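J.: Under our numbering, the very last position in the sequence shown is 212; numbers go up by exactly one each time.
Beta carbons: idealized from backbone N, C-alpha and C, even for Gly.
Quantities reported herein were computed from a predicted structural model and do not represent experimental measurements.
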Amino acid sequence: HGKDNIVVIDSKNIDDRRSVDAFREEWKKLSGDSLRNIVVVGDAASFNVKDKFIAGKKNIVVAPTSDKKVIGTLFKNLGEGDITVYGNENWDDLDAISVSNRNKYKVHFPSTTFINYDDPGLQRWVEAYRKLYKSEPGKFSLIGYDVMKFYGAGLLQFGRSFPNHLNEINTRLYANGFDFFKTSNESGFENQYVMIIGTDNYELSIEN
5 HGKDNIVVID SKNIDDRRSV DAFREEWKKL SGDSLRNIVV VGDAASFNVK
55 DKFIAGKKNI VVAPTSDKKV IGTLFKNLGE GDITVYGNEN WDDLDAISVS
105 NRNKYKVHFP STTFINYDDP GLQRWVEAYR KLYKSEPGKF SLIGYDVMKF
155 YGAGLLQFGR SFPNHLNEIN TRLYANGFDF FKTSNESGFE NQYVMIIGTD
205 NYELSIEN
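(1) What's the call for L146, buried or exposed, on a 16-neighbour Cβ count within 10 Å?
(2) Between the alpha carbons of M199 and K7, how many angstroms are there, rounded?
(3) Cα separation between F118 and I173?
(4) K56 by DSSP, collapsed to three states: which one?
(5) Please classify R106 as buried or exposed, where buried requires at least 16 other C-beta atoms within 10 Å of its C-beta.
(6) Just how far apart, CA to CA, sit L34 and E190?
(7) Hey, V12 and F27 are a contact pair by Cβ (cut 8 Å); roughly how many whole angstroms apart?
(8) Would you call the region 110-128 and the region 91-100 in contact, with 3 or more CB pairs under 8 Å?
(9) DSSP on F185, reduced to helix/strand/coil?
(10) D123 to K16, Cα distance in whole Å?
(11) Helix, strand or coil for T203? Go by DSSP, reduced to three states.
(12) For K143, which residues of its own chain have a beta-carbon under 8 Å away from its beta-carbon, when the five flanking residues on both sides are left out?
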């Protein structure tokens, strides 16, 4: 969204403030520029995000908050136009956001897991699971399968030295992914994999 109008929503919540500061720092690293539009949500009477919108441009609203009051106030005041809203990982199942608003404002959020039941390979896996266990697989069934398959593939491809090749392991996964980096010379690895999930025509999909 380098050419779009970015508006970041802040609040008096200390956790929100930390998230906004972190976003601001990363934005400057990526763009070389400071964020110009940061709006602090007070209350519904004083809050106005539309003053920061630019007609004829995409208006991207970033709201890294889980505060239901802040979120409710935001969606009451967004108005009309080409507006896309980005929230945090808790927005996946947050009931403070209506289905119509999720679709209207093309709500996006980060996630470490996403299950695409339209995938033919996943459909075959589900059928095999039903046949074997006589039950429906849940989210953690898929995550467990992915973890087993990933590390199993690592052992097959690289043997016992597979921890030295974590980002070279090649296998197809159904719910999550792996992107490891070593946090320090003395420590282990951390998985920094994340997806951005977008809403379009009432359907969720991974944004490329």
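T.: Let me spell this out:
(1) buried
(2) 22 Å
(3) 20 Å
(4) helix
(5) buried
(6) 29 Å
(7) 6 Å
(8) yes
(9) strand
(10) 42 Å
(11) strand
(12) T117, I119 and A179
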